[in-house]
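What follows is a set of notes on a single structure, which appears directly below.
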Amino acid sequence: MKSRCRLRDRAPWLALALCWVVAQAAGADEVPVCPAPTGGAPAMPSNSVRLVTGVPYSALGTSETITILPDGRRVVRQNIIRQWRDSDGRTRSEISLTTIAGPLPLELNTTVTVIDDPAAGQRYLLQPGGRVAVTVPIVPCRPDPVSREPDLTVGPPRPAHLTMRVSAPVTLGERTVAGQTVAGRRIEATIPAGAVGNSKPIQMSAEQWYGKDLQVVIEATYRDPRTGETRYRLSDIERAEPDARLFQVPDTYRKQPPPR
Amino acid sequence: MTDTMHREVAALLDEYRRDLRETRPSGQLDARIDLLVAGTRKNILRPARQQRNRVNLWAAAAGVAVVAIAAGILIGMSIGHAPGARIAQDATLLPADFSLWPADSVALQIPAEYSAQGKLVAVDPNTQSTGKRYWIDVVVSNDGTIRIDRIVPAERNDEITLQTP
Numbered sequence: 001m002k003s004r005c006r007l008r009d010r011a012p013w014l015a016l017a018l019c020w021v022v023a024q025a026a027g028a029d030e031v032p033v034c035p036a037p038t039g040g041a042p043a044m045p046s047n048s049v050r051l052v053t054g055v056p057y058s059a060l061g062t063s064e065t066i067t068i069l070p071d072g073r074r075v076v077r078q079n080i081i082r083q084w085r086d087s088d089g090r091t092r093s094e095i096s097l098t099t100i101a102g103p104l105p106l107e108l109n110t111t112v113t114v115i116d117d118p119a120a121g122q123r124y125l126l127q128p129g130g131r132v133a134v135t136v137p138i139v140p141c142r143p144d145p146v147s148r149e150p151d152l153t154v155g156p157p158r159p160a161h162l163t164m165r166v167s168a169p170v171t172l173g174e175r176t177v178a179g180q181t182v183a184g185r186r187i188e189a190t191i192p193a194g195a196v197g198n199s200k201p202i203q204m205s206a207e208q209w210y211g212k213d214l215q216v217v218i219e220a221t222y223r224d225p226r227t228g229e230t231r232y233r234l235s236d237i238e239r240a241e242p243d244a245r246l247f248q249v250p251d252t253y254r255k256q257p258p259p260r
Numbered sequence: 001m002t003d004t005m006h007r008e009v010a011a012l013l014d015e016y017r018r019d020l021r022e023t024r025p026s027g028q029l030d031a032r033i034d035l036l037v038a039g040t041r042k043n044i045l046r047p048a049r050q051q052r053n054r055v056n057l058w059a060a061a062a063g064v065a066v067v068a069i070a071a072g073i074l075i076g077m078s079i080g081h082a083p084g085a086r087i088a089q090d091a092t093l094l095p096a097d098f099s100l101w102p103a104d105s106v107a108l109q110i111p112a113e114y115s116a117q118g119k120l121v122a123v124d125p126n127t128q129s130t131g132k133r134y135w136i137d138v139v140v141s142n143d144g145t146i147r148i149d150r151i152v153p154a155e156r157n158d159e160i161t162l163q164t165p
């Protein structure tokens, strides 16, 4: 009876303490909004990394670019991104690059593994050859979908300072791709005649289908007469929590800052 | 019912009347009663005050709780109204004039040299340079876009920007 009375006396203070803890927890969850796209020429991405928590997955992203040469021959280039994300928002991407199409094609034939750990504020680029993990500081953020500025960093590659007209995005509705409900948008861009010595306007387009649950692009098509058509598709989607070891730098690797 | 009282009852009432008539106020009794009343009031008031204090404490706790919960809701709303949180909840809430979807990008700096065939080929940064070496800034995104942003000669800081369409 005595202890019951004591508990009753302390209950208000316990309630106050609980409220304080809840308020602290609510404040601690605040993550800054990602910086808006810069517009104009594509800029090097900042150290801001989009944070998506509570939606783990693994999948295989395949990007295929088909270029038709003037003599009619087709050149097909394929690059693959194997990707994982855990419930805490940590990501791992194994980027296997063969060739990057464009006015100056780059032969790569290399695989780069990138681990983003938002909680630690670090990105690790693993170089298996030298057992080196290049460390880059990152800042987790949440994307800003109400930004009114068109995201010109999306879509076909563009020269710097290039005058270009970009259309308002067109909503394409929803459909199901790879078992995921996706929402589509399409944007078109035009390089005016004479801007780069071209006699006629150059029409480009980007179409993306965004997984509402996974919060990643599931399917995309980019058309650019200069490089051809690039199709991207996410397949082999698994919703299980990935192995935690995938998001850790192996002990045998030496961490060091970027070379330049 | 009878109009006349019983003789014994009438005698007892006479005796009680006489006693009452002879009764005088007692100072000691008044003092004892005052003492008893004061003590009783004290005993009665103490639990009432404790109860009132407890009620006040609960009221204060409830007030602070309301403020804390309101603050939590406001913080939650500010996070919820943060565009990223909204997109996390439902992508269909995006305004019609928004551009394409958000994606995650990584910038890679890759050393490369021109091959004998005139192609720009990635090389191992630890190997001896056989020709002119460049740093290639490549941006890879998980929306399927892969692009070369800059080409910088390794020896100098001059930047070659892609200008040709």
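Chains as they are written, first to last, in this note's numbering: chain A, 1 to 260; chain B, 1 to 165.
Quick reminder that beta carbons are idealized off the backbone N, C-alpha and C, glycines included.
Sequence-distant residues of its chain with Cβ nearer than 7 Å to residue i (five each side left out)
{"i": "Ser48 of chain A", "result": "Cys34, Pro35, Val139 and Cys141"}
{"i": "Asp90 of chain B", "result": "Low per-residue confidence applies at Asp90 of chain B: pLDDT is 26, beneath 50, and the placement is therefore not dependable enough to give any value."}
{"i": "Ser87 of chain A", "result": "Thr53, Gly54, Pro56 and Glu241"}
{"i": "Glu174 of chain A", "result": "Thr181, Val182 and Ala183"}
{"i": "Pro105 of chain A", "result": "Thr99"}
{"i": "Asn282 of chain A", "result": "Nothing in the structure corresponds to residue 282 of chain A, since chain A is present only between 1 and 260."}
{"i": "Asp116 of chain A", "result": "Val49, Arg90, Thr91, Arg123 and Ile138"}
{"i": "Asp236 of chain A", "result": "Ala59 and Leu60"}
Residue i - containing alpha helix (DSSP H), residue span
{"i": "Ala10 of chain B", "result": "Arg7 to Glu22"}
Buried or exposed by the 16-neighbour rule on C-beta atoms within 10 Å, applied to residue i
{"i": "Ser78 of chain B", "result": "With a pLDDT of only 32 at Ser78 of chain B, under the threshold of 50, the placement of this residue in the model should not be trusted; the figure read from the coordinates follows. Classification for Ser78 of chain B: exposed."}
{"i": "Arg233 of chain A", "result": "buried"}
{"i": "Tyr210 of chain A", "result": "buried"}
{"i": "Ala112 of chain B", "result": "buried"}
{"i": "Arg123 of chain A", "result": "buried"}
{"i": "Val138 of chain B", "result": "buried"}
{"i": "Asp243 of chain A", "result": "exposed"}
{"i": "Glu8 of chain B", "result": "exposed"}
{"i": "Ala10 of chain B", "result": "exposed"}
{"i": "Asn126 of chain B", "result": "exposed"}
{"i": "Gln127 of chain A", "result": "buried"}
{"i": "Trp58 of chain B", "result": "exposed"}
{"i": "Asp19 of chain B", "result": "exposed"}
{"i": "Leu29 of chain B", "result": "exposed"}
{"i": "Ala61 of chain B", "result": "buried"}
{"i": "Val140 of chain B", "result": "buried"}
{"i": "Leu125 of chain A", "result": "buried"}
{"i": "Ala31 of chain B", "result": "exposed"}
Residue from the options whose Cα sits closest to the Cα of residue i
{"i": "Ala103 of chain B", "options": "A:Pro105, A:Asn109 and A:Thr91", "result": "A:Thr91"}
{"i": "Ser199 of chain A", "options": "A:Thr190, A:Lys212 and A:Ser205", "result": "A:Thr190"}
{"i": "Gln109 of chain B", "options": "B:Ala154, B:Asn142 and B:Trp101", "result": "B:Ala154"}
{"i": "Arg150 of chain B", "options": "B:Asn142, B:Ser141 and B:Trp135", "result": "B:Trp135"}
{"i": "Ala101 of chain A", "options": "B:Pro111, B:Thr145 and B:Trp58", "result": "B:Thr145"}
{"i": "Pro258 of chain A", "options": "A:Ala178, A:Thr135, A:Thr99 and A:Pro32", "result": "A:Thr135"}
{"i": "Val106 of chain B", "options": "A:Arg131, A:Leu106, A:Val166 and A:Thr113", "result": "A:Thr113"}
{"i": "Gln208 of chain A", "options": "A:Arg82, A:Gln215, A:Pro201 and A:Glu219", "result": "A:Glu219"}
{"i": "Ser96 of chain A", "options": "A:Gly61, A:Gly72, A:Val75 and A:Val177", "result": "A:Gly61"}
{"i": "Val177 of chain A", "options": "A:Ala195, A:Val196 and A:Lys212", "result": "A:Lys212"}
{"i": "Arg165 of chain A", "options": "A:Ala193, A:Leu172 and A:Thr171", "result": "A:Ala193"}
{"i": "Val31 of chain A", "options": "A:Leu108, A:Asn109 and A:Gly121", "result": "A:Gly121"}
{"i": "Leu214 of chain A", "options": "B:Ile148, B:Ala62, B:Arg147 and B:Asp143", "result": "B:Asp143"}
{"i": "Arg147 of chain B", "options": "A:Thr163, A:Glu107 and A:Ser167", "result": "A:Glu107"}
Nonlocal neighbours in the same chain, by C-beta distance under 8 Å from residue i, ignoring five residues either side
{"i": "Trp114 of chain B", "result": "Per the sequence presented here, residue 114 of chain B reads as Tyr, with Trp not at that position. So the qualifying residues of the chain are Leu120, Val121, Gly131 and Lys132."}
{"i": "Pro169 of chain A", "result": "Pro150, Arg185, Arg186 and Ile187"}
{"i": "Gln117 of chain B", "result": "none"}
{"i": "Gly27 of chain B", "result": "none"}
Distance CB(residue i)-CB(residue j) smaller than 8 Å
{"i": "Ser93 of chain A", "j": "Asn79 of chain A", "result": "no"}
{"i": "Lys255 of chain A", "j": "Ala133 of chain A", "result": "yes"}
{"i": "Val75 of chain A", "j": "Leu69 of chain A", "result": "yes"}
{"i": "Pro118 of chain A", "j": "Leu51 of chain A", "result": "yes"}
{"i": "Glu238 of chain A", "j": "Ile66 of chain A", "result": "no"}
{"i": "Trp101 of chain B", "j": "Val196 of chain A", "result": "no"}
{"i": "Thr221 of chain A", "j": "Arg131 of chain A", "result": "no"}
{"i": "Arg226 of chain A", "j": "Ile202 of chain A", "result": "yes"}
{"i": "Gly179 of chain A", "j": "Asp124 of chain B", "result": "no"}
Limits of the unbroken beta strand (DSSP E) element including residue i
{"i": "Lys200 of chain A", "result": "Unbroken run through Lys200 of chain A: none, as it is neither H nor E."}
{"i": "Asn47 of chain A", "result": "Looking at the DSSP string, Asn47 of chain A is not in any beta strand (DSSP E), and its letter there is neither H nor E."}
{"i": "Glu263 of chain A", "result": "Because chain A here runs from 1 to 260, residue 263 of chain A falls outside it and cannot be looked at."}
{"i": "Pro140 of chain A", "result": "Val139 to Cys141"}
{"i": "Glu155 of chain B", "result": "Where Glu155 of chain B is concerned, there is no enclosing beta strand (DSSP E), given that its DSSP letter is neither H nor E."}
{"i": "Ala59 of chain A", "result": "Tyr57 to Ile68"}
{"i": "Ala193 of chain A", "result": "Counting along the chain, Ala193 of chain A falls outside any beta strand (DSSP E), and DSSP gives it neither H nor E."}
{"i": "Thr176 of chain A", "result": "Val170 to Val177"}
Nonlocal neighbours in the same chain, by C-beta distance under 6 Å from residue i, ignoring five residues either side
{"i": "Leu246 of chain A", "result": "Trp84 and Arg92"}
{"i": "Ile81 of chain A", "result": "Gly61, Ser93 and Ile95"}
{"i": "Thr161 of chain B", "result": "Confidence in Thr161 of chain B is poor, its pLDDT being 42 and thus under 50, which makes the residue's placement unreliable; the coordinate value appears in the next sentence. Cβ within range, chain order: n/a, list empty."}
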